[in-house]
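**Q** In my numbering, the protein residues as written are 6 to 177.
Note that the Cβ used here is the ideal one computed from N, Cα and C, for glycine as well.
All of these numbers come straight from a predicted model, not from anything done at the bench.
Take a look at the structure:
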């Protein structure tokens, strides 16, 4: 049978549920560092369709709940803005009377991959970063955001490096 006429089998159907139940023990490919675990080698001519990789962009920043009932949990920030408020439509819904239905949002700057900002969207009681009331603020690693009684910590992976000038060479 040539390659074009081979049947295709979805990945999850290609292998038996329990490989030990097959009549013959099939040889396995030895596992190597950084690769998938060993799988039985079949003699089938069928093409196996592998699951596709996620198209979601990796998250470089998170909000970590410091206080409240979700203390310790994290919320990744991707390409889409994270909305924060009392309303259930928000990505971060805070059940507090001091929090507006639509209180604030955190978003990545589309022009700078590792630059994130916080915007108060007209809340009644304000949004605070490191104890100061803000309307809009570029976030830095470890900034503490207080909305109502909830405190979130902004964390970013791979903080941008500050520019440093090379030291002049010492004369010999």
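(1) Flag this pair as yes or no: are the beta carbons of residue 178 and residue 123 separated by less than 8 Å?
(2) Who are the near neighbours of residue 76 in its chain, counting only those whose CB is closer than 6 Å to its CB and skipping five residues on each side?
(3) Considering only the alpha carbon of each residue, which of 137, 158 and 80 lies closest to residue 146?
(4) Would you say residue 67 and residue 89 are within 8 Å of each other, going by their C-beta atoms?
(5) Within 10 angstroms of the Cβ of residue 78, are there 16 or more other Cβ atoms? Answer buried if so, exposed if not.
(6) Tell me the rounded alpha-carbon separation between residue 153 and residue 133.
(7) Bridge partners of residue 80, per DSSP?
(8) Give the C-beta separation of residue 92 and residue 107 to the nearest angstrom, bearing in mind that I take them to be a contact with Cβ-Cβ under 8 Å.
(9) In whole angstroms, what separates the C-alpha of residue 155 from that of residue 72?
(10) With which residues is residue 125 paired in a DSSP beta bridge?
(11) Measure from the alpha carbon of residue 142 to the alpha carbon of each residue in 87, 100 and 125, then state which is nearest.
(12) Taking the alpha carbon of residue 162 as the point to measure from, which residue in 120, 74 and 100 has its own alpha carbon closest?
(13) Where residue 140 and residue 109 are concerned, what is the direct C-alpha to C-alpha distance, given to the nearest angstrom?
(14) Are the beta-carbon atoms belonging to residue 113 and residue 148 less than 8 Å from one another?
(15) Between the C-alpha atoms of residue 137 and residue 144, what's the straight-line distance to the nearest angstrom?
**A** This is what the structure holds:
(1) Nothing about residue 178 can be reported from this structure: the residues present for the chain run from 6 to 177 only.
(2) Counting from 1 along the chain shown, the entry for residue 76 is found at position 71. Only 70 meet the Cβ criterion.
(3) Taking the chain shown and counting its residues from 1, one reaches residue 146 at position 141. The residue with the shortest Cα to Cα distance from residue 146 is 158.
(4) To locate residue 67, count along the chain shown from 1; it is residue 62. To locate residue 89, count along the chain shown from 1; it is residue 84. Contact flag unset, no.
(5) The residue you call residue 78 lines up with position 73 of the chain shown. Exposed is the call here.
(6) Locating residue 153 in the chain shown gives position 148, where the first residue counts as 1. Locating residue 133 in the chain shown gives position 128, where the first residue counts as 1. Distance between the alpha carbons of residue 153 and residue 133: 9 Å.
(7) Walking along the chain shown from the start, residue 80 turns up at place 75. Paired residues: 68.
(8) Counting from 1 along the chain shown, the entry for residue 92 is found at position 87. Counting from 1 along the chain shown, the entry for residue 107 is found at position 102. The Cβ separation is near 6 Å, so the contact holds.
(9) Taking the first residue of the chain shown as 1, we reach residue 155 at position 150. Taking the first residue of the chain shown as 1, we reach residue 72 at position 67. C-alpha separation (whole angstroms): 6 Å.
(10) Taking the chain shown and counting its residues from 1, one reaches residue 125 at position 120. For residue 125, which the question treats as bridged, DSSP gives the partners 109.
(11) As a position in the chain shown, residue 142 is number 137, starting the count at 1. Nearest option by C-alpha distance: 125.
(12) Locating residue 162 in the chain shown gives position 157, counting from the first residue. Closest option to residue 162, Cα to Cα, is 120.
(13) Position 135 of the chain shown, counted from the start, is the residue given in the question as residue 140. Position 104 of the chain shown, counted from the start, is the residue given in the question as residue 109. Distance between the alpha carbons of residue 140 and residue 109: 9 Å.
(14) The count along the chain shown starts at 1 and reaches residue 113 at position 108. The count along the chain shown starts at 1 and reaches residue 148 at position 143. Not a contact, by the Cβ cut-off of 8 Å.
(15) Here the question's residue 137 lines up with position 132 in the chain shown. Here the question's residue 144 lines up with position 139 in the chain shown. Each residue's Cα considered, the two are about 13 Å apart.
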